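The structure appears below as structure tokens.
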Amino acid sequence: MSYVEVDMERVLSNELSSHAGERVRMAGWMHRIRRLGSGIVFVHLRDRSGICQIVVEAPGVIASLDGLLAESVVEVEGTVVAEAQATGGYEIHEPSFTVLSAVTDALPFPINKPVINAHLDTFLDHAMIGLRAPVKQAVFKLSAAVAHAFRDVLDGKGFTEIATPKIIGSASESGANVFALDYFGKQAYLAQSPQFYKQIMVGVFERVYEVAPVFRAEPHQTVRHLNEYVSMDAEMGFIQDHTTVMTLLTEVIRGILDYIGSHCAQELVLLNVQMPLAPQEFPRIYFPEAQQWIFEHHGEDCRGEPDLAPQHEKWLGEWAKETFQSDFLFVTGYPMVKRPFYTAPNPDDTRYSNSFDLLFRGTELVTGGQRLNRFEDYARALEARGMTQEAVASYLETFRFGMPPHGGFAIGLERFIMQLVNLSNLRDAALFPRDMERIQP
RNA sequence: GGGGUCGUGGUGUAGCUGGUCCAACACGCUGGCCUGUCACGCCGGAGACCACGGGUUCAAAUCCCGUCGAUCCCGCCA
705 MSYVEVDMER VLSNELSSHA GERVRMAGWM HRIRRLGSGI VFVHLRDRSG ICQIVVEAPG
765 VIASLDGLLA ESVVEVEGTV VAEAQATGGY EIHEPSFTVL SAVTDALPFP INKPVINAHL
825 DTFLDHAMIG LRAPVKQAVF KLSAAVAHAF RDVLDGKGFT EIATPKIIGS ASESGANVFA
885 LDYFGKQAYL AQSPQFYKQI MVGVFERVYE VAPVFRAEPH QTVRHLNEYV SMDAEMGFIQ
945 DHTTVMTLLT EVIRGILDYI GSHCAQELVL LNVQMPLAPQ EFPRIYFPEA QQWIFEHHGE
1005 DCRGEPDLAP QHEKWLGEWA KETFQSDFLF VTGYPMVKRP FYTAPNPDDT RYSNSFDLLF
1065 RGTELVTGGQ RLNRFEDYAR ALEARGMTQE AVASYLETFR FGMPPHGGFA IGLERFIMQL
1125 VNLSNLRDAA LFPRDMERIQ P
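Counting from 705, one number per residue, gives the positions in the first sequence under this note's numbering.
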């Protein structure tokens, strides 16, 4: 049995320098066609590696491009020539074209300009095409690199990747609303988090992670919420307390930043990314102390409130940057009343929890903490909240049969990208975002 | 769930204290010119019943009401 070679002797636009003088075969989209007159046409060919320029001078070949609009797909055979005038130093001469797919209609909006001139709503209606724009590609290349680096760092620390179900039978977990669906006549729900399963799997592998979508039926309408987003979850056993998890998270974040710094130079430049300040140890502040600081420095008295408002997080983020030269800030010890039942309390003051949020440039990026690990503690926690054990019976079985002290966290991938790239809307960090109004495309 | 703002050719905007707007500019599309452009340039052209419905007025893109759509903030969450 023989297979056709995947790359079929095709040369990519970023490989021209190693083929100078050769006759090569290329293929891609006509990103831009610049017809300078009867005598010369420049075609910018876009493939997965980038864009290169093809110079067309033969009248017959120029005629073969008549009527083709941007985004037409072509195969090109031509000679690689070193040319100082060309961006990148090389271009294709004496080409011949085979049209694989001709475009004759104008695009909904131009995608070959440095900036995309379309409202978010318009863009999303045509995301199928808009995503081809180099600036948009770069966002999702970065996104892929972040997810890759997340896996890479955790693989290196003995974690095992898992895939937990997104269709689940019971919906009692945290405060977030769930989407109900009909499952062969039974009531089922879309998972709002892999929380239960990743804890259960700590009992199997000690250390696990998952990169997968989660579903939130919250009716929110803001630039930093989606109803479906990618959660990068990790959970590990045999921790001291939540600070062990914070140390792990710090290493993960720094590992991700290192990775994209060394692998995504092109995207970072194109998107004008200011690399985050990420010191060896991220500064941390205890929840009630954060409220006290807000009261003293901004005059707003939120002391006693169970949570921080977005504005508070912004202030704290600015403070961390100025005081500690860090774009990241841990806020620890969120009140127990605001945390789900599986959260471990602070043993020294049980009003507060052994949990944390990580703020990235003043926006909540990660939630994590230590979980309860003894069955008796779960029984008490459920009772205190008026919940029944039956509702979470299979989850609880885990804790009857030996679970180590453990904890973990969940990073919102789109949030990470949004804050990294300084996007004004989380929807710009999702390929096909799902919000209250949008389920198409 | 509560509140604010907006709705003008395919796209992005100007006009919006009513008449001079059968609507202007840029991108895109299109006809012509240009053999080194790379956000090419130059000269033309097509394309909008100014979201929809009603009202005020001699006169409405412009003022009022309603509907729909979009968007942002708060709450909730990552």
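Each residue gets a CB set at the ideal place from its N, CA and C atoms; glycine is no exception. On a predicted model such as this, the values are computed, not experimentally measured, just so you know.
Inclusion of L773 and V803 in the CB contact set at 8 Å is not warranted, their separation being larger than that value. By the 16-neighbour rule on beta-carbons within 10 angstroms, H1001 is exposed. Cβ-Cβ separation between R1007 and F999: approximately 6 Å, consistent with a contact (criterion under 8 Å). A distance below 8 Å separates the beta carbons of S800 and E781. Residues of the same chain with a CB within less than 8 Å of the CB of F1079, apart from the 5 flanking positions on each side, are L1100, F1103 and R1104 in chain order. Each of R752, I737, G754 and E787 was checked against the Cα of S768, and the nearest Cα belongs to I737. Its chain contains I998, H1001, H1002 and G1066 as the residues whose beta carbon lies nearer than 8 Å to that of W1019, once the 5 sequence neighbours on both sides are disregarded; these appear in chain order. For the set D1031, N1077, A892 and E713, the Cα lying nearest the Cα of R958 is the one of D1031. For Y1056, the number of other beta carbons within 10 angstroms of its own is at least 16, and it is reported as buried. Measuring C-alpha to C-alpha distances from M1122 to each of F813, Q978 and I796 identifies Q978 as the nearest. Bounds of the beta strand (DSSP E) holding R727 are R727 to R739. The C-beta distance from G1021 to L1063 rounds to 5 Å, short enough to meet the 8 Å contact threshold. When DSSP states are grouped into helix, strand and coil, D829 belongs to the helix group. The Cβ-Cβ distance between L885 and A892 falls below 8 Å. With a cutoff of 8 Å on beta-carbon distance, C968 and K845 are scored as near each other. Minimum Cα-Cα distance from F986 among the listed residues L952, V857, Q995 and I964 corresponds to L952.
In the structure shown, R714 adopts extended strand secondary structure according to DSSP, grouped into three states.
In this structure, DSSP gives G1111 an extended state, which the three-state scheme calls strand.
Spanning the alpha carbons of D1005 and N1129 requires a straight line of approximately 29 Å. Runs of the beta strand (DSSP E) lying entirely within the stretch 895-961 and spanning at least 3 residues, in chain order: 911-919 and 932-941. The C-beta distance from I820 to R836 rounds to 10 Å, too long to meet the 8 Å contact threshold. Going by beta carbons, H823 and P812 fall outside the 8 Å limit. Per DSSP, Y1046 lies in no alpha helix (DSSP H) segment and is marked neither H nor E. Setting aside the 5 residues that flank it on each side, G941 is surrounded in the same chain by V906, E910, P1108 and H1110, each with a C-beta closer than 6 Å to its C-beta; the list follows chain order. Only buried fits Q903, as 16 or more other CB atoms lie within 10 angstroms of its CB. For Q1074, the enclosing beta strand (DSSP E) begins and ends at T1067 to R1075. In the structure shown, the three-state DSSP call for V807 is coil. A direct Cα-Cα distance of roughly 14 Å separates N976 from Q841.
Boundaries of the beta strand (DSSP E) harbouring G782: V777 to A786, taken from the DSSP string. A straight-line Cα-Cα distance of about 21 Å links F1060 and R920. Contact check for V1070 and V843: beta-carbon distance about 20 Å, past the 8 Å limit, so the pair fails to qualify. Nearest Cα to T1092 within the set G860, Q899, F1045 and L828: F1045.
Rounded to whole angstroms, the gap between the alpha carbons of Q789 and S742 is 21 Å.
Sorting V745, E1094, R750 and S776 by C-alpha distance to the C-alpha of G764 places V745 at the top. In this structure F900 is buried. Its beta-carbon is surrounded by 16 or more other beta-carbon atoms within 10 angstroms.
Pairing A848 with E914 gives a Cβ-Cβ distance that is not under 8 Å.
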